[in-house]
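Enquirer:
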Amino acid sequence: MFVTHSFQIPYDRNLYKELRTMQREAASVWNDIVREATSYYVACKKWVSKTEIQAIRKQTYNLHSQTVQAIADKYAANRETIRQLRKTDKKANYPWRRKYYYCIPLKKASMDISTDTITIKKVDYRFSLSELLTKKKKKNWNEKAPKQPTSVVIPNRSEEHLDACNYAEIVWRNGAYWFCYAVQVPEQDLSAYEKKVAGGDLGEIHAVTVATEDRALVLSGRAMRSISQFRAKALADLSKKMSRCKKGSRQWKKYKDARNRLRQTSKNQLEALEHKTTKDIVAFLEAEKVTHLVIGNVSGIEKGTKKNEQKKRKQNKVRRQQLSLWNQGKIKQKLTYKAKLKGIHVTETEE
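Heads up: the sequence shown begins at 317 in my numbering, then just goes up one per residue.
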């Protein structure tokens, strides 16, 4: 199976400036695709195909052609996902928001990977100053700018060989750029084991509960719940204080920075607890030689919980907030891929 690993790109002023420029160029590609695809749908009542999008975007931006194609692929995948979601949720919107920065997707042809460095290919269609000064003295001076291949080199800090890496992305996270790449990891073969099934239940108080025929493991989720509730209260207090300040003032900016720090800190704490919780569950399943895990599906439990006298719903605003802050989706995703690495088959069933 494919897993995603990442490493932080060390800070260098010129390198970060180049990556920032590439991010803005990638955002231009995304914005143009969204604008033209939406306009085409309004005029023709049908969506423009991915092949046509890629053909229109060819040789237009200061990015590698494979990078531009990857952005078009991400848009097409996003559009297909929304189309499926709108079958049950009409509030799901197609991409429309203008982006100022966008992640840099990289296919295998758009990067050269060595042991020490990773070279990101790009192109430049601009003229140099000397060419601009002598351009009108030549024939066909008004032709399109020539293609000039360039590159950006970043250090390779991965702990594994990336020869088989076919896709990667450069993203901005926690005040730094990260190189995220997908690699294939072999799954364990449990065909020699006798079939043994375990049941799993996700909860708010008890994050995960798993049980076999003779043993069970219950892990508390109170720490994650406490962090989520504290974050909600602190963000509400900061938003209230920001509303009393003039937007853009020094005090308003201080509150905004504090809000960003709080969000990032709580996110890191929750991710650490999710990792530890799912790791303990998978270790228990591996020790019990479990081959199949069945998890109850609790997706959408927070929907339709507003107080309604006709339907006699009794959930108040506190309970609704607790359900919306419940991170059961992330726990299920981490538990699923970690179990698959150990060769355990994971299935979902309605509770």
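Positions of the beta carbon are idealized from the N, C-alpha and C atoms, including for glycine. All values derive from a computational prediction rather than experimental measurement.
In the DSSP assignment, the alpha helix (DSSP H) including Ala514 goes from what residue to what residue?
Expert: Here Ala514 belongs to no alpha helix (DSSP H); instead the beta strand (DSSP E) covers 513-518.
Enquirer: Please list the terminal residues of the continuous alpha helix (DSSP H) segment that includes Glu476.
Expert: In this chain, Glu476 is not harboured by any alpha helix (DSSP H), its DSSP state being neither H nor E.
Enquirer: So, is Trp642 buried or exposed, given that buried needs 16 or more other C-beta atoms within 10 angstroms?
Expert: The residue in question, Trp642, is buried, as its Cβ has 16 or more Cβ neighbours within 10 Å.
Enquirer: Does the region 389-405 come into contact with the region 318-331, if we say contact requires no fewer than three beta-carbon pairs (one atom in each stretch) closer than 8 Å?
Expert: no
Enquirer: Span of the alpha helix (DSSP H) holding Thr581?
Expert: Residues 566-603.
Enquirer: Looking at the unbroken beta strand (DSSP E) that takes in Tyr497, where does it start and where does it end?
Expert: 492-500
Enquirer: Since Leu422 and Thr466 are thought to touch, with beta carbons under 8 Å apart, how far apart are those beta carbons, to the nearest angstrom?
Expert: That belief does not hold up - the Cβ atoms of Leu422 and Thr466 are roughly 15 Å apart, past 8 Å.
Enquirer: Just tell me which of Arg413, Ile369, Val487 has its CA closest to the CA of Ala392.
Expert: Ile369
Enquirer: If you draw a straight line from the alpha carbon of Leu639 to that of Glu587, how long is it in whole angstroms?
Expert: Spanning the two alpha carbons is a distance of roughly 18 Å.
Enquirer: From Met427 to Ser474, what does the alpha carbon distance come to, in whole angstroms?
Expert: Rounded to the nearest whole angstrom, the CA to CA distance from Met427 to Ser474 is 15 Å.
Enquirer: Does the Cβ of Arg531 have 16 or more other Cβ atoms within 10 Å, making it buried, or fewer, making it exposed?
Expert: So Arg531 counts as exposed.
Enquirer: Below 8 Å on the Cβ atoms is my guess for Lys424 versus Asn378; work out the distance and round it to an integer in Å.
Expert: Not a contact, Cβ separation roughly 20 Å.
Enquirer: Is the CB-CB distance between Gly612 and Glu529 below 8 Å?
Expert: no
Enquirer: Can you tell which of Ala359, Gln500, Tyr653, Ser582 has its C-alpha closest to the C-alpha of Ser542?
Expert: Ser582
Enquirer: Using a threshold of 8 Å, state whether the C-beta atoms of Thr607 and Lys512 are closer than that.
Expert: yes
Enquirer: Please determine if the region 478-492 and the region 562-573 are in contact, where contact requires at least 3 C-beta pairs separated by less than 8 Å.
Expert: no
Enquirer: With burial defined as no fewer than 16 other Cβ atoms inside 10 Å of the residue's Cβ, what is the status of Val350: buried or exposed?
Expert: Buried, because 16 or more other Cβ atoms sit within 10 Å of the Cβ of Val350.
Enquirer: State the start and end residues of the unbroken alpha helix (DSSP H) segment that holds Val350.
Expert: 329-360
Enquirer: DSSP puts Tyr483 in a beta bridge; with which residues?
Expert: Lys423
Enquirer: Let me make sure I understand the geometry here. Which of Ala386, Ala343, Gln637, Met540 has the alpha-carbon closest to that of Ala552?
Expert: Gln637
Enquirer: Should Cys481 be labelled buried (16 or more other beta-carbon atoms within 10 Å of its own) or exposed?
Expert: buried
Enquirer: Kindly identify the DSSP beta-bridge partner or partners of Asp428.
Expert: Thr435
Enquirer: Whose C-beta lies closer than 6 Å to the C-beta of Leu504 among residues of the same chain, with five residues either side of it excluded?
Expert: The sequence shown places Gln at residue 504, not Leu. If we look at Gln504 and ignore the five residues flanking it on each side, its Cβ neighbours are Lys658, Gly659.
Enquirer: Thinking C-beta only, is Val610 closer than 8 Å to Gly515?
Expert: yes
Enquirer: Taking only three categories from DSSP, how would you classify Asp505?
Expert: coil
Enquirer: Considering Cα atoms alone, identify which of Lys592, Thr433, Val468, Pro411 is closest to Lys654.
Expert: Lys592
Enquirer: Report the residue from Val501, Phe600, Trp568, Glu341 whose alpha carbon sits nearest the alpha carbon of Tyr417.
Expert: Each of Val501, Phe600, Trp568, Glu341 was checked against the Cα of Tyr417, and the nearest Cα belongs to Glu341.
Enquirer: Is the beta carbon of Val526 closer than 8 Å to that of Leu518?
Expert: no
Enquirer: Quick one: what does DSSP say Ser542 is sitting in, helix, strand or coil?
Expert: helix
Enquirer: Considering only the beta carbon of each residue, do Cys496 and Ala484 sit closer than 8 Å?
Expert: Taking 8 Å as the Cβ cut-off, Cys496 and Ala484 qualify as a contacting pair.
Enquirer: CB-CB under 8 Å to Tyr546, same chain, minus the five flanking residues each way: which ones, in chain order?
Expert: The amino acid occupying residue 546 in the given sequence is Phe; Tyr does not appear at that position. Apart from the 5 residues on each side of it in sequence, Phe546 sits with its Cβ closer than 8 Å to the Cβ of Ser582 in its chain, given in chain order.
Enquirer: Which residues bound the alpha helix (DSSP H) around Gln644?
Expert: Start and end: 644-657.
Enquirer: Keeping to the same chain, check which residues put their C-beta closer than 7 Å to that of Lys549; ignore five residues upstream and five downstream.
Expert: So no residue of the chain qualifies.
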